[in-house]
Amino acid sequence: MIELIDTNAAGIAAEFVASRLRAGSPAMSMVMTLIIVVDEDEAEDAMRVARQASHEHPARVLGVILGEARGTSQINAQVGTGAGWTGETALIRLKGEVVRHAESVVLPLLLPDSPVAIWWPSDPPENPAADPLGRLAQRRITDAAAASRGKGKAIHLQCSSYAAGNTDLAWTRITPWRALLAAALDQQPLKVSGGSVTAERISPSAELLVAWLADRLKVRVDRKNSRGPGITEVRLETKEGPIVISRRDGRLATYSSPERPDRPVALKRRQLPELLAEELRRLDEDDVYAATARKLIKLYPS
Amino acid sequence: MTDRVNPLRDPQDRRLPRIAGPCGMVLFGVTGDLSRKKVMPAIYDLANRGLLPPGFSLTGFARRDWANEDFAQIVHESVKQHARTEFREEVWKQLAEGFRFVPGDFNDDTAFNTLRRTIEELDEVRGTGGNHAFYLAIPPGFFGDVVGQLKEHGLAEAAEGSWRRVVVEKPFGHDLESARELNATLASVFPSGSIFRIDHYLGKETVQNILATRFANTMFEPIWNSNYVDHVQITMAEDIGIGGRAGYYDGIGAARDVIQNHLLQLMSLVAMEEPTSFDAESLRIEKLKLLQSVTLPRRLDLTTARGQYAEGWQGGEKVVGFLEEEGVRKTSGTETYAAITLHVDNRRWAGVPFYLRTGKRLGRRVTEVAVVFKPAPHLPFTRAATEELTHNALVIRVQPDEGMTLRFGSKVPGTQMEIRDVNMDFAYGGSFTESSAEAYERLILDVLLGDPPLFPRHAEVERSWQILDPVLDHWARKGRPEPYESGGWGPSSADAMLARDGRVWRRP
Chain A
1 MIELIDTNAA GIAAEFVASR LRAGSPAMSM VMTLIIVVDE DEAEDAMRVA RQASHEHPAR
61 VLGVILGEAR GTSQINAQVG TGAGWTGETA LIRLKGEVVR HAESVVLPLL LPDSPVAIWW
121 PSDPPENPAA DPLGRLAQRR ITDAAAASRG KGKAIHLQCS SYAAGNTDLA WTRITPWRAL
181 LAAALDQQPL KVSGGSVTAE RISPSAELLV AWLADRLKVR VDRKNSRGPG ITEVRLETKE
241 GPIVISRRDG RLATYSSPER PDRPVALKRR QLPELLAEEL RRLDEDDVYA ATARKLIKLY
301 PS
Chain B
1 MTDRVNPLRD PQDRRLPRIA GPCGMVLFGV TGDLSRKKVM PAIYDLANRG LLPPGFSLTG
61 FARRDWANED FAQIVHESVK QHARTEFREE VWKQLAEGFR FVPGDFNDDT AFNTLRRTIE
121 ELDEVRGTGG NHAFYLAIPP GFFGDVVGQL KEHGLAEAAE GSWRRVVVEK PFGHDLESAR
181 ELNATLASVF PSGSIFRIDH YLGKETVQNI LATRFANTMF EPIWNSNYVD HVQITMAEDI
241 GIGGRAGYYD GIGAARDVIQ NHLLQLMSLV AMEEPTSFDA ESLRIEKLKL LQSVTLPRRL
301 DLTTARGQYA EGWQGGEKVV GFLEEEGVRK TSGTETYAAI TLHVDNRRWA GVPFYLRTGK
361 RLGRRVTEVA VVFKPAPHLP FTRAATEELT HNALVIRVQP DEGMTLRFGS KVPGTQMEIR
421 DVNMDFAYGG SFTESSAEAY ERLILDVLLG DPPLFPRHAE VERSWQILDP VLDHWARKGR
481 PEPYESGGWG PSSADAMLAR DGRVWRRP
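Chains as they are written, first to last, in our numbering: chain A, 1 to 302; chain B, 1 to 508.
Here it is, written out as structure tokens:
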């Protein structure tokens, strides 16, 4: 890590090239730029997550810490390559007036032509697509479950400001549930007449799952509370009997379906690096999420 | 099953993985290397990634006095040692309830009766729905016995709405005739669409990427022909010897072991025309068409080479020669290195030789396809300036360190005008595949899904033998393999073979 004090975008860019040359390999095989907008105390964790995700998606990772917006501008940066990274990384600390113009620092540091993704590990802007940094990216990743304020409403806020390219890790978290439910109806093409999702009281993922099921199945899906962790049961009613996936411990679920024996199925709650890696796998608009977000707003008008 | 559309599926929803339907697998030859190092870990990895259906069951069949728990123990050890993904108790629990073991011989009727009852019981308590794949991880000599038994005990017939499939590994015979016999044996019991031949090379990401590179881009295809390509080298080098496989290898040799399947499959992917789509049938048509236009040169003595490793030093270790390996006949004429020249008689490739080579105990372990281009028609530089410029090349590295290398001339900085080869590397490993699946995961999942694009069909296998058989006959008639020192790049006759054409082997 090279520490740059009172620098600018050109200084950081020059250091990227210099450290590549120092490492003896001027060639790059990075496939995208990942911007992380983060607070000072969360920065280390977020960069660690990005490092793990970067094994699958070598990226130039730009951590941006927005400091106090008053006073004279100062840009400090830690720039590095290698050591557990498959790409390059810079942790950029902004202070003073430049905080309001963070995009001017980030824009020159984007890799030519390659896609740009942005991730807010905790509190995202209310409208990510309108955010100056958010506008630079084609993939904008928020995490309603990590909101520090207004947690109960966070996912509604994100759904109502949905724009093409937005996505939320609460949505990513339910991919295994959705896969299992879809597989259940592959195996037994039964007509579903209703359903329910049981989860801890505040669970953006559960709201999304309700919206998705209601949207796809065109039936009423109830939301029930339990003590968690996360989603504990999904139930689909059919004439032949219910299809139930219940998971008490956040790890191993029981899968029950009509006229079939109950079976255990691993359904572990996934960690952030896995979620982020899934999110970066496809960078085009997620139409299914778009439809689900619309449905969620319809189901729970605020 | 009905044609009703699953409302939870949406073609736009590409996050949702394909999960195999309810099914089970019966594994013959559970104690072999293949089962323990590849098949069992791949099954665990699939379960860990949530791609196996709840209730998936694995039945072992072997001549061992084991109970279900003993078998589970074997799988547990293999998974702990060889699985790619981390070991998780809950995934293990999901799998472990579905382990069964049936002890017995391949000609033991009682054992196969037990097997049938076991499968029926699994359909009952695990909901496998009558769908079962039989994985024959056993020497091909036993295929006949096993499939015969499967047929006799009604295990090969699927009830309405369910399936039975059989999975076999190479070698698919040792010449055209034996390949036909083998196929006849399998085909007498299973319809051709239910026979899955595993060539694990085709499950590798980089091999699938050959098609993406060629057909998703504009910049490669225009030069992918005899106007620009000088020749193509396909190499599969191993640094190890035959290990403990003398019994299998002696009498088989490098050409049968590697060229007939892996290298010819690689060649067909590199050289074939664009398929109309990427479904199994279209791919098969193009691959087969390419193989059908492959011809051998007339003078096989000048255009092929073979060798046998002698003692030497490989990577810092002293190693013995092939003839000194345990279990190898002292007079063995089996080759451990084989190189052949092939031509493709079509408009695209006329006049472009394809050199295929493979060997054991070579310099290092590497598999690659090098497309070597013709020199520029005119060089407006002095001879001295371009002395160190060779041919441009595009190298597709299949393993290890999967990726692509582009080799081209560039000016040496600081000199007046001095042009030298430089390499531009795309490390696929770093870029995408670090956490991507093993070939076996992909292939086993495809078997369970019934998705056949990545499996060679019988016609391709037969055609490959047709190509290779004249070479094998020629070798059997004349001479012996030339000894080559372990740890190098093969016998001098292989270098001479290319030198006759005015070319050299790449040092991979």
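Glycine residues also receive a C-beta, built at the ideal position from the N, C-alpha and C atoms.
Can you grab the Cα-Cα spacing for the pair residue i / residue j, in whole Å?
i: residue 81 of chain A; j: residue 259 of chain B; result: 41 Å
i: residue 223 of chain B; j: residue 348 of chain B; result: 10 Å
i: residue 485 of chain B; j: residue 492 of chain B; result: 10 Å
i: residue 122 of chain A; j: residue 454 of chain B; result: 43 Å
i: residue 151 of chain B; j: residue 370 of chain B; result: 46 Å
i: residue 411 of chain B; j: residue 387 of chain B; result: 12 Å
i: residue 433 of chain B; j: residue 54 of chain B; result: Only weak support exists for where residue 433 of chain B lies, its pLDDT of 44 falling under 50; the coordinates are left without a value.
i: residue 202 of chain A; j: residue 30 of chain A; result: 38 Å
i: residue 273 of chain A; j: residue 353 of chain B; result: 47 Å
i: residue 100 of chain A; j: residue 69 of chain A; result: 7 Å
i: residue 207 of chain B; j: residue 228 of chain A; result: 44 Å
i: residue 431 of chain B; j: residue 395 of chain B; result: With a pLDDT of 47 at residue 431 of chain B, under the threshold of 50, the modelled position of that residue is not reliable, and the figure given next carries that caveat. For residue 431 of chain B and residue 395 of chain B, the distance between alpha carbons rounds to 17 Å.
i: residue 80 of chain B; j: residue 40 of chain B; result: 10 Å
i: residue 74 of chain B; j: residue 85 of chain B; result: 18 Å
i: residue 291 of chain A; j: residue 162 of chain A; result: 10 Å
i: residue 309 of chain A; j: residue 133 of chain B; result: Because residue 309 of chain A is not part of the residues shown, which for chain A are 1 to 302, the question remains open.
i: residue 481 of chain B; j: residue 33 of chain A; result: 54 Å
i: residue 135 of chain B; j: residue 157 of chain B; result: 16 Å
i: residue 283 of chain A; j: residue 461 of chain B; result: 40 Å
i: residue 292 of chain B; j: residue 346 of chain B; result: 10 Å
i: residue 243 of chain A; j: residue 58 of chain A; result: 40 Å
i: residue 255 of chain B; j: residue 490 of chain B; result: 14 Å
i: residue 189 of chain A; j: residue 161 of chain B; result: 13 Å
i: residue 335 of chain B; j: residue 329 of chain B; result: 13 Å
i: residue 269 of chain B; j: residue 458 of chain B; result: 17 Å
Given that residue i touches chain A, what residues does it touch there, using C-beta distances under 7 Å?
i: residue 47 of chain B; result: 266
i: residue 292 of chain B; result: Within chain A, no residue comes near residue 292 of chain B; the closest Cβ sits about 38 Å away, beyond 7 Å.
i: residue 12 of chain B; result: 287, 288
i: residue 90 of chain B; result: 251, 252, 266, 268
i: residue 333 of chain B; result: Within 7 Å Cβ-Cβ: nothing; residue 333 of chain B doesn't reach chain A, min ~45 Å.
Residues of chain B with a CB under 8 Å from the CB of residue i: which are they?
i: residue 187 of chain A; result: 21, 22, 53, 129
i: residue 216 of chain A; result: 7, 8, 10
i: residue 261 of chain A; result: 55, 124, 125, 126, 127
Could you say which of the options lies nearest to residue i if we only look at CA atoms?
i: residue 119 of chain A; options: A:195, A:65, A:208; result: A:65
i: residue 78 of chain A; options: A:71, A:68, A:90, A:137; result: A:90
i: residue 133 of chain A; options: A:38, A:209, A:181; result: A:38
i: residue 443 of chain B; options: B:205, B:329, B:365; result: B:205
i: residue 91 of chain B; options: A:117, A:252, A:262; result: A:252
i: residue 57 of chain B; options: B:12, B:452, B:122; result: B:122
i: residue 290 of chain B; options: B:344, B:307, B:263; result: B:344
i: residue 360 of chain B; options: B:487, B:82, B:12, B:406; result: B:487
i: residue 87 of chain A; options: A:144, A:43, A:22, A:51; result: A:51
Taking Cβ positions, are residue i and residue j nearer each other than 8 Å?
i: residue 367 of chain B; j: residue 267 of chain B; result: no
i: residue 339 of chain B; j: residue 323 of chain B; result: no
i: residue 276 of chain A; j: residue 49 of chain A; result: yes
i: residue 8 of chain B; j: residue 185 of chain A; result: yes
i: residue 125 of chain B; j: residue 114 of chain B; result: no
i: residue 289 of chain A; j: residue 171 of chain A; result: yes
i: residue 49 of chain B; j: residue 449 of chain B; result: no
i: residue 512 of chain B; j: residue 466 of chain B; result: A query on residue 512 of chain B cannot be resolved here, the shown segment of chain B reaching from 1 to 508 and no further.
i: residue 315 of chain B; j: residue 239 of chain B; result: yes
i: residue 194 of chain A; j: residue 223 of chain A; result: no
i: residue 312 of chain A; j: residue 214 of chain A; result: One cannot answer for residue 312 of chain A here, as it falls past the ends of chain A, which runs 1 to 302.
i: residue 204 of chain A; j: residue 155 of chain A; result: yes
i: residue 128 of chain B; j: residue 23 of chain B; result: yes
i: residue 142 of chain B; j: residue 167 of chain B; result: no
i: residue 170 of chain B; j: residue 145 of chain B; result: no
Find the residues of chain A that neighbour residue i, judging by a C-beta separation of less than 8 Å, and give them in chain order.
i: residue 93 of chain B; result: 252, 264, 266
i: residue 97 of chain B; result: 263, 264
For residue i, go through chain C and note every residue whose CB falls closer than 8 Å to its CB, in chain order.
i: residue 16 of chain B; result: You won't find chain C in this structure, because its protein chains are A and B.
Applying a beta-carbon distance threshold of less than 7 Å, which residues of chain B neighbour residue i?
i: residue 255 of chain A; result: 54
Exercise. Where are the beta strand (DSSP E) runs, 3 residues long or more, that stay fully inside the stretch 282 to 323 of chain B, in chain order?
Worked result: Fully enclosed beta strand (DSSP E) runs of 3 or longer: 304 to 310, 312 to 314, 317 to 319.
Exercise. Of all the beta strand (DSSP E) runs that stay within the bounds of the stretch 47 to 100 of chain B, which reach a length of 3 or more residues?
Worked result: Note on the stretch 47 to 100 of chain B: whole beta strand (DSSP E) runs with a minimum of 3 residues are 57 to 62, in chain order.
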